[in-house]
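In our numbering, the protein residues as written are 1 to 621.
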């Protein structure tokens, strides 16, 4: 194709425009540098033969691409010339086509030319010679090739393709802008005859944002549309209130999590319990009038293992590969459950996990526990409703220790005395020894607090005791979930830094969390699980549990993460490569947001300054 010369008027006009725009614009062989951005001009050359309404949405919905449609009324002669050229190219292609699919595509293109003439003749529809170009913008020139590849994959899925064909990239940039500087090279090579209806169908139809009409205001999408979710929404795509947040340190995940906690607590009146390994939620919880519970060796705040818990178990033993704690149907009113049948299996499992009680002594441990609870009026027939109405108390570790010694004396000569004594020795340190300050106590915080953060920073590094602590905490959380319907308030369990809790070292804990996320919706609640990295919870030994936890969430937020984590999430969530590339380069506070299986958007979290101050020093401020 012969290049058309620029006349002196064009040159003068371009120089005037260039000077008026900015002095810091420079042309390079393959791109143009404008201020602090690198730009590449793209000219669209291929389109689908048949286009539905909104066919250009993929093209128009990109934050870093500006698009220019140039239209000129087309004469009949011009249309026929274009169709004839199209037909010649198609026939030449048929001669060299090697596969049946290539032949089929070319024959369809040939029919398309005839359809254009039919539309002109039969429908008397106006045609426009249409040229579509775009400007791809990146923050640095090194990012341009990757951004170009991402954009290419997006538009190709909609049947379009582009190439860079400008002889002069600066002129192409100005031509693709509202300044409408002539770019004869690009226009002449990309003009296509489009009927008026096709042009109208290209008008942007995608509603910006993802707005349920009410609920939690998360921020905006990249087009400025509101992103707001209603956690009470239920449909074929949204089955529960569970939330997953993934992002590396500095991605803004803690700020997002705190915003979700704040708004759900305020808007829905949800009771919130946060398992907080880093203590990041303390300031927010205190500001909302809640309790911060610091557990561990040096803390004065305790969660007693003997406090009655409304649990349901299908097995007594924790820690084997088939255990799935609480994973049985429990639709009955929890207040009518029996205290001992619900609580004692947990206490037995905890004591075995923490203090190494032998398997052969577990039945005798159960007898000793019944003996200890009986001292406080709790028998095999006591229900939770009766326990609460009578304001009964419960044993501490020394009560169990004393019961074991008493039963040892009572069974002297019957063969079990030695076993009861051995159990007493197992728990002696926790009852009357050096660990008594930790375990020989009742719960020492307000159980009815509207929002509670359990700070686990001081639970130590001993793996067996860490597992015991998390088992204690999570079973208490589940007990609160089961009792939630009787309070009339929804409940939210939040687990921050979840890779410290759900990992190959704590198989039983992974089982518990999996069960919780599967069943909490039946109790009107939801979970929020926050990962810095997901690889730990997808290790081979706990992959079934980890995948179930990640897949069960209705609401998924994925911020900037390491390549290995993104690779795992790509397979798990079926994310396209273009989205994966965008996540890798996400800025702080930006997330790919999935609401169920049908709704997806790019989220920029927005938090007002006053709320950031309420969040305190921890987490993304």
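Backbone N, C-alpha and C fix where the C-beta goes; we use that ideal spot for every residue, glycine too. Computed from a predicted model, the values in this text were never measured in an experiment.
inquiry  = Is it buried or exposed, residue 478, if we count other Cβ atoms within 10 angstroms and call 16 or more buried?
reply    = buried
ask   = Are the beta-carbon atoms belonging to residue 424 and residue 399 less than 8 Å from one another?
value = no
request  = Pull up the distance between the alpha-carbon of residue 374 and that of residue 364, whole angstroms please.
outcome  = 16 Å
Secondary structure of residue 329, DSSP reduced to three states = Any reading at residue 329 needs caution, since the residue's pLDDT is 47, under 50, leaving its predicted position unreliable; the model's value is listed next. Looking at residue 329 - three-state DSSP - the assignment turns out to be coil, as it is neither helix nor strand.
query = Ordered along the chain, which non-local residues of its own chain (more than five positions away) have a Cβ less than 7 Å from that of residue 37?
reply = 137, 138, 139
Alpha-carbon to alpha-carbon, residue 53 and residue 292 = 54 Å
query = Would a C-beta distance cut-off of 8 Å place residue 472 and residue 279 closer than the cut-off?
reply = no
key: Span of the alpha helix (DSSP H) around residue 546   = 543-552
inquiry  = Going by DSSP, what residue range makes up the beta strand (DSSP E) through residue 137?
reply    = 127-138
request  = Report the three-state DSSP secondary structure of residue 570 (helix, strand or coil).
outcome  = helix
ask   = Using CA coordinates, which residue listed in 78, 403, 172 is at the minimum distance from residue 39?
value = 172
Sequence-distant residues of the same chain with beta carbon closer than 6 Å to residue 528, five excluded per side = 243, 494
key: Where residue 323 sits in the DSSP three-state scheme   = Legend: pLDDT at residue 323 = 39, less than 50; position of this residue unreliable, value from coordinates given subsequently. Coil at residue 323, not helix or strand.
ask   = If we count Cβ pairs, one from each stretch, closer than 8 Å, do we get three or more for the region 223-242 versus the region 509-521?
value = yes
key: residue 327 versus residue 499: straight-line alpha-carbon distance, rounded   = With a pLDDT of only 43 at residue 327, under 50, the local geometry of the prediction cannot be trusted, and no value is derived from it.
key: Alpha-carbon spacing of residue 605 relative to residue 60, whole angstroms   = 22 Å
Cβ separation of residue 154 and residue 578, assumed to be a contact under 8 Å, to the nearest whole Å = 5 Å
inquiry  = Once DSSP output is grouped into helix, strand and coil, what is the label at residue 344?
reply    = helix
inquiry  = If contacts are defined as beta-carbon pairs under 8 Å, then residue 252 and residue 561 qualify, I think. What distance do you get, rounded to the angstrom?
reply    = Between residue 561 and residue 252 the Cβ distance is about 12 Å, and since that is not below 8 Å, they are no contact.
ask   = Taking residue 141 as the reference, which of 134, 228, 31, 199 has the closest Cα?
value = 31
request  = Decide if residue 342 is buried, meaning its Cβ has at least 16 other Cβ atoms within 10 Å, or exposed.
outcome  = buried
request  = Answer with buried or exposed for residue 652, where buried requires no fewer than 16 other C-beta atoms within 10 angstroms of its C-beta.
outcome  = Residue 652 cannot be examined here, being either before or after the span of the chain that is shown, 1 to 621.
ask   = How would you write the range of the alpha helix (DSSP H) that residue 151 sits in, first residue to last?
value = 144-156
query = Once you ignore the five residues that flank residue 230 on each side, which residues in its own chain have a CB closer than 6 Å to its CB?
reply = 212, 214, 215
ask   = Counting along the chain, where does the alpha helix (DSSP H) carrying residue 261 start and finish?
value = 253-268
query = Mapping DSSP to helix, strand and coil, what is residue 1?
reply = At residue 1 the pLDDT is 36, less than 50, meaning the model places this residue with poor confidence and gives no usable figure here.
ask   = Exposed or buried, what is residue 100 when buried is set at 16 or more other beta-carbons lying within 10 Å of its beta-carbon?
value = exposed
ask   = Nearest-angstrom Cα distance between residue 68 and residue 77?
value = 25 Å
key: Of the listed residues 295, 441, 271, 222, nearest to residue 485 (C-alpha basis)   = 271
query = Residue ranges of each alpha helix (DSSP H) run of no fewer than 4 residues wholly in the region 359-395, ordered along the chain?
reply = 362-374, 384-389
key: Buried/exposed call for residue 552, threshold 16 Cβ in 10 Å   = buried
task = Taking residue 636 as part of the beta strand (DSSP E), name the residues at either end of that continuous run.
result = No answer is possible for residue 636: the residues shown for the chain start at 1 and end at 621.
Among 196, 190, 42, nearest to residue 163 - alpha-carbon criterion = 42
query = Near residue 395, what residues of its chain come up, given a Cβ to Cβ distance below 7 Å and the 5 sequence neighbours on each side ignored?
reply = 306, 372, 373, 375, 376
query = Does the beta-carbon of residue 257 have 16 or more other beta-carbons within 10 angstroms, so that it is buried, or is it exposed?
reply = buried
query = Where does residue 598 fall in DSSP's three states?
reply = coil
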